[in-house]
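Visitor: The UniProt record's numbering applies: residue 1 is where the sequence shown begins, and numbers increase by one.
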Amino acid sequence: ADANCKRLVRNGIVRVADIKFPLPYRPKSFPLVIVSDALDYLSPRYLNKTLPDFARVSADGVVLFTGFPGQRKAKAADVSKYGRAAKLRSSTWWARYFIQTSLEENEVAAKKFSRAAEKSSYNPSCQIFHLRSYR
């Protein structure tokens, strides 16, 4: 998987940025922003800056993949690698957070994804949220 990711970055298909700083892209620079596991390691201070920034640079939406609370214990390697243990938040916590930060869940995209996942017998081992971009 690492080699595939590196190839996508080299080919310019995927862009990498340090999410603890404002993203160096214009509003609506990308059709879709996909965030996998990164938010679980951010403190509230960085989360409050980062997630709205994802919505700013996306034109059509943001897809978040986050862990389930109680899913797994933090490993020492995770703490040393990311500087802190993952903070696995509940779906109700995320729903309140989206409201507080004026982010809207994209129910149409979520339903389409659920139908496609059900059709292919995909059972995610994480929480998946589909958000609208800022208008």
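C-beta: ideal position from N, C-alpha, C; glycine also.
(1) If you check the beta carbons only, do Thr92 and Asn48 fall under 8 Å apart?
(2) Whether or not the stretch 38 to 58 and the stretch 108 to 125 are in contact is what I'm after, with contact meaning three or more pairs of Cβ atoms, one per stretch, closer than 8 Å; do they touch?
(3) Could you give the first and the last residue of the continuous alpha helix (DSSP H) run that contains Thr101?
(4) Look up Ala110 in the DSSP assignment and say whether it is helix, strand or coil.
(5) Kindly give me the distance between the Cβ atoms of Leu64 and Glu104, rounded to whole angstroms, as I take these residues to be in contact under 8 Å.
(6) Is the distance from the Cβ of Tyr41 to the Cβ of Ala86 below 8 Å?
(7) Kindly provide the ranges of any alpha helix (DSSP H) runs that are 4 or more residues long and lie completely inside the stretch 5 to 92, ordered along the chain.
(8) Which same chain residues, not among the five before or five after residue 222, have their C-beta less than 7 Å away from its C-beta?
(9) Ser80 to Ala59, Cα distance in whole Å?
Guide: Once the coordinates are examined:
(1) no
(2) no
(3) Careful: Thr101 lies outside any alpha helix (DSSP H) and carries neither H nor E.
(4) helix
(5) About 13 Å separates the two Cβ atoms, so there is no contact after all.
(6) yes
(7) 44 to 57 and 76 to 82
(8) Residue coverage of the chain in this structure runs from 1 to 135, which leaves residue 222 outside it and unanswerable.
(9) Because the pLDDT of Ser80 is 48, which lies under 50, any placement of that residue in the model is unreliable, and the question is left without a value.
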